[in-house]
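Trainee: Residue numbers (the numbering used here), protein chains in the order written: chain V, 552 to 792; chain F, 494 to 793. Note that beta-carbon positions come from the ideal geometry of N, C-alpha and C, so glycine has one too. Computed from a prediction, not measured in an experiment: that's the story for all the values here. Below you'll find the structure I mean.
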Amino acid sequence: MAAVSEAAPQIHLEHVEKTYPNGTVALRDVTLEIPKQDFVFLVGPSGAGKSTLVRLLIREEKATSGTIRVEGQDLSRLKRRHLPYLRRKIGMVFQDFKLLPNLTVFQNVAFALRVTEGGLRHLKPKVEEVLSIVGLEGKETKFPDQLSGGEQQRVAIARALVHDPRIFLADEPTGNLDPATSWEIIQLLLQINARGTTVMMATHNREIVDVMRRRVVAIEGGQIVRDEDAGGYHAPALESH
Amino acid sequence: MHRLWNRIDFAFSSAWQNFWRNAAVSVASVLIVWVVLLALGSLLLVLHSLDQIVALEKTKASAISVYLADTTPLGSAMDFKLHLENDPRVTNVIYVSKDQAMARFRQLPALDPSVIDTLGTNPLPASLDVTVRDIRDLAAIDQEVRSSPLVDKSPATNYEPNVIDKIILLARVAGIAGLVLIIGLTGLSVFIIMLTIRTAIYLRRKEIEVMKLVGATDWFVRWPFIVEGLIVGVVGAAVAVLIVGFGYRPAVINLQSVLIFIPLAFDPAYLRVVLAAMLVFGLLLGSVGSYLGVRRFLKQ
Chain V
552 MAAVSEAAPQ IHLEHVEKTY PNGTVALRDV TLEIPKQDFV FLVGPSGAGK
602 STLVRLLIRE EKATSGTIRV EGQDLSRLKR RHLPYLRRKI GMVFQDFKLL
652 PNLTVFQNVA FALRVTEGGL RHLKPKVEEV LSIVGLEGKE TKFPDQLSGG
702 EQQRVAIARA LVHDPRIFLA DEPTGNLDPA TSWEIIQLLL QINARGTTVM
752 MATHNREIVD VMRRRVVAIE GGQIVRDEDA GGYHAPALES H
Chain F
494 MHRLWNRIDF AFSSAWQNFW RNAAVSVASV LIVWVVLLAL GSLLLVLHSL
544 DQIVALEKTK ASAISVYLAD TTPLGSAMDF KLHLENDPRV TNVIYVSKDQ
594 AMARFRQLPA LDPSVIDTLG TNPLPASLDV TVRDIRDLAA IDQEVRSSPL
644 VDKSPATNYE PNVIDKIILL ARVAGIAGLV LIIGLTGLSV FIIMLTIRTA
694 IYLRRKEIEV MKLVGATDWF VRWPFIVEGL IVGVVGAAVA VLIVGFGYRP
744 AVINLQSVLI FIPLAFDPAY LRVVLAAMLV FGLLLGSVGS YLGVRRFLKQ
């Protein structure tokens with residue numbers, strides 16, 4: 552395994568190909584470096600390969616060829632029994648929140664600590680800490696169906712933060728939310744980024760990408776077609792129209 | 494320590510919830526485990542009884558009782574006894590009078606003495622109990638004594654040349670039939686427990702998805718389901734153990750009152766072994782069934 556130096560990128564993809572068993576080519580020759588504390592938008596049409604890329608990073612899928620390194624670890628060589636420890640370094644949120652409907656806000660967040668053997672002693676202060684980061688103090692005993700979409704996504708974000716992740720992946724986190732709520736979620740992601748966590752957000756939300764002027768990686772047909780700092784949703788040439 | 498406790502607490506509370514959340518399926522798997530263990534326990538006890546009977550019959554194999562007709566005078570009986578004693582193949586002859594026969598009969602363990610008293614007259618014949626040097630001579634002696642007018646005709650002797658072979662055969666047939674039945678039921682119960690666990694996994698699929706997402710280990714995800722299988726095994730075994738444990742003695746006594754001449758014995762030491770074996774087998778069924786249930790699902 553390569554030595555992890557400060558200079559090494561936190562996420563490093565080299566010539567990554569992903570072909571699904573049914574023959575669909577989801578990614579071809581993707582090379583990408585993301586340094587620590589970066590904030591990256593991953594944009595592109597549906598089916599372009601954004602979700603596949605996210606799934607490869609948490610190794611829900613394995614790359615067909617090429618290498619993926621996360622925190623210096625080669626994911627193709629990562630043993631299955633070490634996979635949970637990779638997942639604990641990566642916070643994940645989704646468009647559909649993935650909250651457990653029969654658990655309260657507090658229990659949903661605490662669940663992530665319980666099932667990773669965080670132990671019960673430090674559970675309460677940690678859950679309270681992350682709930683205050685996402686601004687849900689006072690909602691601990693509510694159930695997900697008693698919350699707005701934005702609040703539910705905050706619970707999911709809080710849950711993703713309990714392990715103090717080094718990397719935060721958000722797959723269409725604002726896909727189900729109205730514009731005002733979406734902006735609140737983005738503010739939260741910026742805040743998380745400011746605390747030193749690398750954030751990668753796959754999105755369709757053109758307005759947000761255009762206003763934020765952060766690094767944009769555009770994928771089309773499984774290939775990276777554009778990678779620019781302070782970019783917009785579309786390439787500059789198209790934007791002028 | 495703290496983590497271990499968290500793991501145990503989580504596994505048991507989830508397993509308990511699973512068990513009641515799909516109660517109908519859980520009860521079905523408990524029932525099948527119960528049936529398997531009941532069959533297993535009963536088979537072991539029946540085979541053990543047959544073994545004991547064979548052992549007892551073997552010790553009696555070199556002896557034969559020659560029943561004398563009630564009309565035979567004592568003098569003729571004694572002459573006949575002498576005649577038999579002079580036979581070089583015979584080692585020993587004992588005369589058993591009608592009264593002695595009745596006294597022996599009264600000592601049979603399962604017999605209700607009041608039943609005998611209602612008989613009025615003594616129906617048992619006097620007999621000459623003949624012991625031979627070589628078991629192979631029994632058949633010839635049996636043939637000879639049957640031709641004597643002194644000998645009762647119904648029945649003449651208790652000579653039953655194939656009784657041991659018959660019992661051994663019975664034990665073998667019962668053993669094989671029972672084994673086939675138990676193997677079949679074992680397969681069925683493992684399958685049903687597996688389905689129960691699959692159902693539980695299906696009902697918990699969202700939780701499992703989240704658990705994997707936030708970095709729970711495979712075994713942390715699996716344990717609740719393994720524990721659920723163990724609960725099914727233990728509950729099924731416990732019910733079967735209680736029934737066999739408390740039912741064995743009354744069953745022996747009842748059977749003995751029907752099969753008066755077959756010596757059945759209650760063997761508490763062997764019963765304890767059987768009950769322990771049932772419990773272990775129940776746990777085994779539960780763990781194998783649930784392991785098969787979780788194995789494939791959690792591979793992905």
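Under 8 Å between C-beta atoms, does His495(F) make it to chain V?
Mentor: With 8 Å as the cut-off, His495(F) counts as an interface residue toward chain V.
Trainee: Starting from the beta carbon of Tyr571(V), find every residue of chain F whose beta carbon is closer than 9 Å, and list them in chain order.
Mentor: Here the premise fails: no neighbours, minimum Cβ distance about 14 Å.
Trainee: By the three-class DSSP mapping on this structure, what secondary structure does Ile755(F) have?
Mentor: Note: Ile755(F) maps to coil in three-state DSSP.
Trainee: Which residues does DSSP list as the beta-bridge partners of Phe645(V)?
Mentor: Its beta-bridge partners are Asp722(V).
Trainee: Find the nearest neighbour of Ala769(V) within the set Asp589(V), His566(V), Lys601(V), His563(V), judged by alpha-carbon distance.
Mentor: Residue Lys601(V) is the option with its Cα nearest to Ala769(V).
Trainee: Measuring only between beta-carbons, confirm whether Asn499(F) sits less than 8 Å from chain V.
Mentor: Yes, contact with chain V.
Trainee: If you measure between the beta carbons of Arg717(V) and Glu611(V), is that distance less than 8 Å?
Mentor: Going by C-beta atoms, Arg717(V) is not nearer than 8 Å to Glu611(V).
Trainee: What are the boundary residues of the alpha helix (DSSP H) that includes Ser535(F)?
Mentor: First-last of the alpha helix (DSSP H) with Ser535(F): 516-552.
Trainee: Measure from the alpha carbon of Val656(F) to the alpha carbon of each residue in Ala548(F), Ile587(F), Leu643(F), Met704(F), then state which is nearest.
Mentor: The residue with the shortest Cα to Cα distance from Val656(F) is Ala548(F).
Trainee: Let's test the definition: count the other Cβ atoms within 10 Å of the Cβ of Val734(F) and tell me whether it reaches 16, buried, or not, exposed.
Mentor: With 16 or more Cβ atoms within 10 Å of its Cβ, Val734(F) is classed as buried.
Trainee: Using only the alpha-carbon positions, how far apart do Gly729(F) and Leu524(F) sit?
Mentor: Computed Cα separation, rounded: 6 Å.
Trainee: Determine contact between the stretch 523-539 of chain F and the stretch 591-599 of chain F, defined as no fewer than three beta-carbon pairs at a distance below 8 Å.
Mentor: Flag = no, the stretch 523-539 of chain F and the stretch 591-599 of chain F do not touch.
Trainee: Roughly how many angstroms lie between the CA atoms of Ala521(F) and Asn515(F), to the nearest whole one?
Mentor: Their backbone Cα atoms lie some 10 Å apart in a straight line.
Trainee: What does the alpha-carbon distance come out to for the pair Met552(V) and Ile609(V)?
Mentor: Because Met552(V) carries a pLDDT of 42, less than 50, the predicted location of this residue cannot be relied on, and no value is offered for it.
Trainee: Only counting the same chain, and skipping five residues up and downstream in sequence, which positions put a Cβ closer than 8 Å to that of Ala556(F)?
Mentor: Only Asp622, Val623, Thr624, Val625 meet the Cβ criterion.
Trainee: Of the residues Met752(V), Asp780(V), Val762(V), Ala781(V), which one's Cα is nearest the Cα of Val594(V)?
Mentor: Out of Met752(V), Asp780(V), Val762(V), Ala781(V), Met752(V) has the C-alpha closest to the C-alpha of Val594(V).
Trainee: In three-state terms, what does DSSP make of Ser558(F)?
Mentor: If DSSP states are grouped into helix, strand and coil, Ser558(F) belongs with the strands.
Trainee: Of the residues Ile737(V), Ala745(V), Ala786(V), which one's Cα is nearest the Cα of Met763(V)?
Mentor: Of Ile737(V), Ala745(V), Ala786(V), the residue nearest in Cα terms is Ile737(V).
Trainee: Quick check on the burial criterion: 16 or more other C-beta atoms within 10 angstroms. Buried or exposed for Ile694(F)?
Mentor: It counts as buried.
Trainee: Considering just the uninterrupted stretch of the beta strand (DSSP E) at Gly617(V), what are its terminal residues?
Mentor: Where Gly617(V) is concerned, the enclosing beta strand (DSSP E) stretches over 616-621.
Trainee: Determine the direct distance from the alpha carbon of Gly782(F) to that of Ala709(V), and round the result to whole angstroms.
Mentor: For Ala709(V) and Gly782(F), the distance between alpha carbons rounds to 37 Å.
Trainee: Going residue by residue through the stretch 747-771 of chain V, where are the continuous beta strand (DSSP E) segments of at least 3 residues, counting only ones entirely within it?
Mentor: Here the runs fully enclosed are 749-754, 766-771.
Trainee: Once DSSP output is grouped into helix, strand and coil, what is the label at Ala619(F)?
Mentor: Residue state, collapsed to three classes: strand.
Trainee: Looking at the unbroken beta strand (DSSP E) that takes in Ile854(F), where does it start and where does it end?
Mentor: Beyond the ends of chain F as shown, which are 494 and 793, falls residue 854(F); an answer cannot be given.
Trainee: Taking C-beta pairs closer than 9 Å, name the residues in chain B that Ala508(F) reaches, listed in chain order.
Mentor: The chain labelled as chain B is not found among the protein chains of the depicted structure, namely V and F.
Trainee: Please list the partners that Lys699(F) has in chain V, where partner means a Cβ-to-Cβ separation under 7 Å.
Mentor: Simply Leu651.
Trainee: DSSP three-state call for Leu577(F): helix, strand or coil?
Mentor: Leu577(F) falls in the helix class under three-state DSSP.
Trainee: By the criterion of Cβ-Cβ separation under 9 Å, what are the contact partners of Gly708(F) in chain V?
Mentor: Those within 9 Å of Gly708(F) in chain V are Leu634, Pro635, Tyr636, Leu637, Arg638, Arg639, Lys640, Ile641, Ala663, Val666, Thr667, His714.
Trainee: With a threshold of 8 Å, are at least 3 pairs of Cβ atoms found where one atom belongs to the stretch 697-704 of chain F and the other to the stretch 745-764 of chain F?
Mentor: Counting Cβ pairs under 8 Å, fewer than three are found: no touch.
Trainee: Can you check which of these residues, Leu577(F), Ala619(F), Ala596(F), Phe505(F), is closest to Leu610(F) by C-alpha distance?
Mentor: According to the sequence shown, residue 610(F) is Asp rather than Leu. Checking every option, the nearest Cα to that of Asp610(F) belongs to Ala596(F).
Trainee: According to DSSP, is Arg624(V) part of a helix, a strand, or is it coil?
Mentor: Reading the sequence as shown, one finds Gln at residue 624(V) and not Arg. If DSSP states are grouped into helix, strand and coil, Gln624(V) belongs with the strands.
Trainee: Could you pull the DSSP bridge partners for Val567(V) from this structure?
Mentor: In the DSSP output, where bridge partners are listed per residue, Val567(V) has Val581(V).
Trainee: Look at the Cβ atom of Val727(F), then the Cβ atom of Gly775(F), and state whether they are nearer than 8 Å.
Mentor: Taking 8 Å as the Cβ cut-off, Val727(F) and Gly775(F) qualify as a contacting pair.
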